[in-house]
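The structure appears below as structure tokens.
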Amino acid sequence: MIFANTSRKKIQSPEVGGKIQSVSPNKNSTGRPSRGGDGMNIERRLAGFLITIVLSMTPAAGWSVVVSSVGALQSAVLSANSGGDKTILIANGNYDLSGVALFITADGVTVRGASGNRSAVVLDNHYVEGGTSGIFRIVSSGVTIADLTLKRPYYHAIHISPAAGRSTQNILIQNVHIIDPGEQAIKINADDTVSATYTVNNSTIRNCLIELTDAGRASLTNPDDPCYTGGIDGHWAANWKVQDNVIRGFWCSDGLSEHGVHFWNHSSNILVERNQIIDCDRGIGFGLGEDRGNTGGIIRNNMIWHGPDHGFSDVGISLESTPDAQVYNNTVFHEHAYAAIEYRFAATTTTLIANNLTNRAISQRDGATGVESHNLTTAQASWFVDVATGDLHLASEVGSVVDQGEAVPGLIDDFDKGARPFGAGYDIGADEYGAGPPPPPPPPPPPPPEGVNMAPVLHLLGDRDEREVLHEDFESWPPSGWSIVNNGGDCVLQSNTSIVKPNYAGGDGKATAASADDCGPGTTMNTDLLSPVFDLSMAEEATLSYIAVYNDWAGHADYAEVSISTNGGTSWTSLLRWEGVDHNAYGPGEAVTLDLRPYAGSIMTRLRFRYYAPDYDWWWMIDQVRVTRK
17 MIFANTSRKK IQSPEVGGKI QSVSPNKNST GRPSRGGDGM NIERRLAGFL
67 ITIVLSMTPA AGWSVVVSSV GALQSAVLSA NSGGDKTILI ANGNYDLSGV
117 ALFITADGVT VRGASGNRSA VVLDNHYVEG GTSGIFRIVS SGVTIADLTL
167 KRPYYHAIHI SPAAGRSTQN ILIQNVHIID PGEQAIKINA DDTVSATYTV
217 NNSTIRNCLI ELTDAGRASL TNPDDPCYTG GIDGHWAANW KVQDNVIRGF
267 WCSDGLSEHG VHFWNHSSNI LVERNQIIDC DRGIGFGLGE DRGNTGGIIR
317 NNMIWHGPDH GFSDVGISLE STPDAQVYNN TVFHEHAYAA IEYRFAATTT
367 TLIANNLTNR AISQRDGATG VESHNLTTAQ ASWFVDVATG DLHLASEVGS
417 VVDQGEAVPG LIDDFDKGAR PFGAGYDIGA DEYGAGPPPP PPPPPPPPPE
467 GVNMAPVLHL LGDRDEREVL HEDFESWPPS GWSIVNNGGD CVLQSNTSIV
517 KPNYAGGDGK ATAASADDCG PGTTMNTDLL SPVFDLSMAE EATLSYIAVY
567 NDWAGHADYA EVSISTNGGT SWTSLLRWEG VDHNAYGPGE AVTLDLRPYA
617 GSIMTRLRFR YYAPDYDWWW MIDQVRVTRK
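Add 16 to a position in the sequence shown, counting from 1, and you land on the number used in my numbering.
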């Protein structure tokens with residue numbers, strides 16, 4: 017990607033209005049490359065433009081080795097744990113593990129099928145107990161499992177927990193087919209189920225098929241519970257994303273199965289979106305009972321269908337002891353009488369349930385509270401393409417569904433990643449009728465020759481689908497969805513027109529301004545402008561841009577700072593701080609571009625613009641705030 021910074025520092029008069037102004041001339045780039053954590057930046061100044069070329073160097077660490085036998089695979093994992101090659105590519109074939117343990121303890125290990133075809137690489141454990149009593153056991157961070165099939169683990173196909181003395185994070189499970197687990201297919205837990213110190217966080221499960229077949233249903237391994245099985249089961253898990261998966265068949269004739277997707281027991285901030293849940297006794301759940309709840313999170317754009325011919329059934333989406341969760345634009349169709357969506361218990365508060373399309377009730381129980389808006393609970397089977405297979409796309413333009421929903425922060429696409437809204441408004445349910453999906457990704461490269469090590473590959477970041485997730489020009493005040501906070505000063509951020517100053521930032525119309533100069537002698541300012549919460553969960557890259565001026569009074573400790581939060585504003589990380597130096601105080605505004613890639617994947621993202629002036633100081637103006645993601 018190429019970033020162009022066209023701003024130039026305006027040299028002010030050293031004395032304006034009796035206050036001393038600091039002078040900071042523009043600095044030219046030397047053209048030398050600078051290394052960052054994500055690649056290489058090369059800066060050149062051409063005709064007044066600062067050009068930054070970002071070269072992404074991924075994978076950046078280690079070489080790759082191709083294996084074609086169980087023994088070689090086991091040896092490669094042991095070698096990776098001891099500092100050897102970190103990327104293990106498995107050649108096409110069927111591998112009889114029968115209890116062989118694949119225990120990953122080193123950070124940054126990748127195990128994947130070499131061809132990219134998950135059906136071509138099958139690791140079959142045959143329900144043999146031993147080793148990890150599963151297939152993959154992960155206690156380290158930055159691990160990727162991708163492009164393969166995991167079959168008949170005794171307990172779990174993938175079991176993730178923290179190592180002694182630290183939490184585990186940044187796990188990616190992608191394009192994996194899991195067939196017939198003895199218990200839950202993917203298990204996530206902390207170091208202690210009652211009072212955890214170390215947990216498993218900030219990870220993703222996407223584009224997977226997780227299923228229980230008739231043969232697997234007859235082979236479940238827990239002797240104390242005839243249906244102790246399920247798709248994804250997370251305890252004490254935070255900031256997980258479960259996206260674009262198909263989960264099916266988790267039901268039993270002699271007991272109630274666990275959920276297709278379940279995060280509970282002190283989990284938080286989970287995103288579950290664009291999944292198809294087919295014929296599972298329980299679909300998606302946050303929390304369980306009154307004492308093992310969950311906090312926050314989003315369930316959106318999922319399709320859930322459950323058939324009529326099982327003796328045990330339950331709700332499609334459940335919130336239990338889960339405050340601050342959002343459930344919107346899901347489609348749930350049940351062939352039985354249980355509720356489509358249910359929220360329960362007094363700890364379930366500040367709940368949003370909106371734009372959901374169901375054929376069964378949305379049930380509020382046991383003291384739960386929340387807002388229900390624009391839901392439709394009278395769906396008919398004829399509205400959908402094929403109910404019996406779980407295809408709940410709209411078959412036609414249903415008048416009570418199309419354009420009848422409401423805007424929800426973060427609602428930008430549908431089950432197929434088609435852009436929302438399409439037409440006059442937002443559709444109810446997971447499918448935005450008429451919105452086409454984005455083009456498919458290119459096919460994977462051919463696999464390397466067996467046994468050959470591969471060097472890291474240099475990638476140039478090219479253009480990809482870019483969308484704007486936050487846009488504010490401050491033409492109305494206060495801006496819709498934004499918050500102005502006074503941290504104890506005499507004045508707060510306001511519109512530049514309220515302080516009778518022109519828009520020095522240079523945008524059309526109005527700007528937001530913090531002006532100690534207008535607050536007056538003997539006053540102080542400590543004020544924040546907080547953006548609405550926005551969603552970067554789909555982002556691989558993200559950028560914040562705005563234009564601003566800052567007039568500093570040297571030596572007075574005043575400053576202007578921009579910070580970001582990934583938990584809705586509970587904690588903040590500083591992105592940029594202007595202090596002790598003017599930035600085009602009287603215009604034109606300086607164009608600021610900040611790279612938000614370190615925060616890509618955050619669901620509850622928020623920006624804070626803070627101005628602090630301990631006495632009679634100058635001002636800061638901001639306009640044209642944009643956040644885009646790719």
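Every residue gets a Cβ at the ideal spot worked out from N, C-alpha and C, and that includes glycine.
1) Identify whether Q185 lies in helix, strand or coil by the three-state DSSP scheme.
2) Please report the distance separating the alpha-carbon of Q380 from that of T245.
3) For N567, report the span of its beta strand (DSSP E) as first-last.
4) Secondary structure at Y632, three-state DSSP: helix, strand or coil?
5) Given a cut-off of 9 Å, decide if I151 and L166 are closer than it, judged by their beta-carbon atoms.
6) Suppose you measure from the CA of N223 to the CA of G305; what does that come to, to the nearest Å?
7) Leaving out five residues before and five after V32 in sequence, what residues of the same chain have Cβ atoms less than 7 Å from its Cβ?
8) Which of the three DSSP states, helix, strand or coil, is assigned to C507?
9) Could you check if P339 is buried or exposed, using at least 16 other CB atoms within 10 Å of its CB as the buried criterion?
10) Excluding five sequence neighbours on each side, which residues of the same chain lie with their C-beta closer than 7 Å to the C-beta of V549?
11) Can you tell me where the alpha helix (DSSP H) with L89 in it begins and where it stops?
12) Enumerate, from N- to C-terminal direction, the unbroken alpha helix (DSSP H) stretches of 4 or more residues contained entirely within the stretch 218 to 248.
13) Where are the beta strand (DSSP E) runs, 3 residues long or more, that stay fully inside the stretch 530 to 611, in chain order?
14) Over the uninterrupted beta strand (DSSP E) stretch that includes A370, give me the two end residues.
15) Any idea what DSSP makes of A647, helix, strand or coil?
16) Can you give me the Cβ contacts of V527 inside the same chain, cut-off strictly under 7 Å, excluding the 5 residues immediately before and after it?
17) Going by other Cβ atoms of all chains shown within 10 Å of its Cβ, with 16 needed for buried, is T229 buried or exposed?
18) Assess, as a yes-or-no matter, whether the stretch 532 to 551 is touched by the stretch 492 to 504 under the definition of 3 or more beta carbon pairs within less than 8 Å.
19) Under a Cβ-count criterion, where at least 16 other Cβ atoms within 10 Å of its own Cβ denotes burial, should A231 be classed as buried or exposed?
20) For the beta strand (DSSP E) that I619 lies in, which residues bound it at each end?
21) Give the secondary structure of V403 by DSSP, where H, G and I count as helix, E and B as strand, and everything else as coil.
22) On the premise that D506 lies in contact with C535, defined as a C-beta separation below 8 Å, what is that separation, rounded to the nearest angstrom?
23) Going straight from the alpha carbon of W321 to that of G332, what length do you get?
24) Taking H175 as the reference, which of I221, D163 and G421 has the closest Cα?
25) In three-state DSSP terms, what is S379?
26) Which partner residues of F152 appear in the DSSP bridge assignment?
27) Under a three-way DSSP split, which group does A253 fall into?
28) Assuming G129 contacts L164 under a Cβ cut-off of 8 Å, what Cβ separation, rounded to an integer in Å, is found between them?
29) Considering only residues of the same chain and omitting the five flanking positions on each side of Q420, which have a CB-CB separation below 6 Å?
30) Based on the DSSP output, what are the partners of L166 in its beta bridges?
31) For E289, is the classification buried or exposed, using 16 other Cβ atoms within 10 angstroms of its Cβ as the cut-off for buried?
32) What does the alpha-carbon distance come out to for the pair F341 and K433?
33) Mind checking whether G247 and H282 have CB atoms under 9 Å apart?
34) From L105 to S80, what distance separates their C-alpha atoms?
35) Could you give the DSSP three-state label for R483: helix, strand or coil?
36) Taking DSSP as the reference, what is the three-state secondary structure of T311?
Based on what the coordinates show:
1) Within the sequence shown, numbered from 1, the residue matching residue 185 stands at position 169. Residue state, collapsed to three classes: strand.
2) Taking the sequence shown and counting its residues from 1, the one referred to as residue 380 is at position 364. Taking the sequence shown and counting its residues from 1, the one referred to as residue 245 is at position 229. Using only the alpha carbons, I get a separation of about 27 Å.
3) By 1-based counting over the sequence shown, the position of residue 567 is 551. Looking at the DSSP string, the run of the beta strand (DSSP E) that includes N567 is A558 to N567.
4) Here residue 632 corresponds to residue number 616 of the sequence shown, with the count starting at 1. DSSP places Y632 in coil when its eight states are reduced to three.
5) Taking the first residue of the sequence shown as position 1, residue 166 is located at position 150. Taking the first residue of the sequence shown as position 1, residue 151 is located at position 135. Result yes, Cβ atoms of L166 and I151 sit closer than 9 Å.
6) Against the sequence shown, residue 223 aligns to sequence position 207. Against the sequence shown, residue 305 aligns to sequence position 289. Roughly 30 Å between the two C-alpha positions.
7) Stepping through the sequence shown from its first residue, residue 32 is reached at position 16. Its pLDDT being 31, under 50, V32 is placed unreliably in this model, and the coordinates cannot settle the point.
8) The count along the sequence shown starts at 1 and reaches residue 507 at position 491. When DSSP states are grouped into helix, strand and coil, C507 belongs to the strand group.
9) Translated into positions along the sequence shown, residue 339 becomes position 323. P339 is buried by the Cβ-count criterion.
10) Sequence index remark: in the sequence shown, residue 549 carries index 533 (1-based). Excluding positions up to five away in sequence, the list reads P425, G584, M620, T621 and R622.
11) Taking the first residue of the sequence shown as 1, we reach residue 89 at position 73. Where L89 is concerned, the enclosing alpha helix (DSSP H) stretches over V86 to N97.
12) 230 to 233, all fully within the stretch 218 to 248.
13) Those beta strand (DSSP E) runs which fall completely within the stretch 530 to 611 and span 3+ residues are 541 to 546, 558 to 567, 575 to 581, 589 to 595 and 606 to 611.
14) Numbered from 1 along the sequence shown, position 354 holds the residue referred to as residue 370. T367 to A370 is the span of the beta strand (DSSP E), which, as asked, contains A370.
15) Nothing can be reported for residue 647: it is not among the residues displayed for the chain, which extend from 17 to 646.
16) By one-based count along the sequence shown, residue 527 stands at place 511. For the sequence presented, residue 527 should be read as Ala rather than Val. By the criterion of a C-beta distance shorter than 7 Å, A527 is surrounded in its chain by F490, N512, N519, A521, M637, I638 and D639, once the five residues flanking it on both sides are discounted.
17) Here residue 229 corresponds to residue number 213 of the sequence shown, with the count starting at 1. Counting Cβ neighbours within 10 Å, T229 comes out exposed, since fewer than 16 surround it.
18) A contact between stretches requires three or more CB pairs, one per stretch, nearer than 8 Å, and the stretch 492 to 504 meets this requirement with the stretch 532 to 551.
19) Counting from one through the sequence shown, the residue named residue 231 turns up at place 215. With fewer than 16 other Cβ atoms within 10 Å, it is exposed.
20) Against the sequence shown, residue 619 aligns to sequence position 603. Membership of I619 in any beta strand (DSSP E) is not indicated, and neither H nor E is assigned to it by DSSP.
21) As a working note, residue 403 is residue 387 in the sequence shown. Three-state result, V403: helix.
22) The sequence position of residue 535 within the sequence shown is 519, counting from 1. The sequence position of residue 506 within the sequence shown is 490, counting from 1. C535 to D506, Cβ: 6 Å. Contact.
23) As a first step, residue 321 is located in the sequence shown; it is residue number 305 there, counting from the start. As a first step, residue 332 is located in the sequence shown; it is residue number 316 there, counting from the start. Rounded to whole angstroms, W321 to G332 spans 8 Å at the Cα level.
24) Locating residue 175 in the sequence shown gives position 159, counting from the first residue. Out of I221, D163 and G421, the CA that lies nearest to the CA of H175 is found in I221.
25) Position 363 of the sequence shown, counting from 1, holds the residue named residue 379. S379 carries a strand assignment under DSSP once its states are collapsed to helix, strand and coil.
26) Position 136 of the sequence shown holds residue 152. L118 and I174, per the DSSP bridge assignment.
27) Sequence index remark: in the sequence shown, residue 253 carries index 237 (1-based). DSSP places A253 in strand when its eight states are reduced to three.
28) Residue mapping note: residue 129 aligns to position 113 of the sequence shown, counting from 1. Residue mapping note: residue 164 aligns to position 148 of the sequence shown, counting from 1. Cβ atoms of G129 and L164 come within 8 Å of each other, at about 4 Å.
29) Numbered from its first residue, the sequence shown carries residue 420 at position 404. So the list reads I444, once near-sequence residues are dropped.
30) In the sequence shown, counting from the first residue as 1, residue 166 sits at position 150. L166 has L139 and I194 as its beta-bridge partners, per DSSP.
31) What you label residue 289 is simply residue 273 of the sequence shown in a count that begins at 1. Flag for E289 reads buried.
32) The count along the sequence shown starts at 1 and reaches residue 341 at position 325. The count along the sequence shown starts at 1 and reaches residue 433 at position 417. Reading the sequence as shown, one finds Ala at residue 341 and not Phe. So the two alpha carbons sit approximately 22 Å from each other.
33) Along the sequence shown, one-based indexing puts residue 247 at 231. Along the sequence shown, one-based indexing puts residue 282 at 266. Cβ distance not < 9 Å, so G247 and H282 don't count as in contact.
34) Sequence index remark: in the sequence shown, residue 105 carries index 89 (1-based). Sequence index remark: in the sequence shown, residue 80 carries index 64 (1-based). Answer to the nearest angstrom: the Cα atoms are 7 Å apart.
35) Within the sequence shown, numbered from 1, the residue matching residue 483 stands at position 467. R483 carries a strand assignment under DSSP once its states are collapsed to helix, strand and coil.
36) Within the sequence shown, the letter at position 295 stands for residue 311. T311 falls in the strand class under three-state DSSP.
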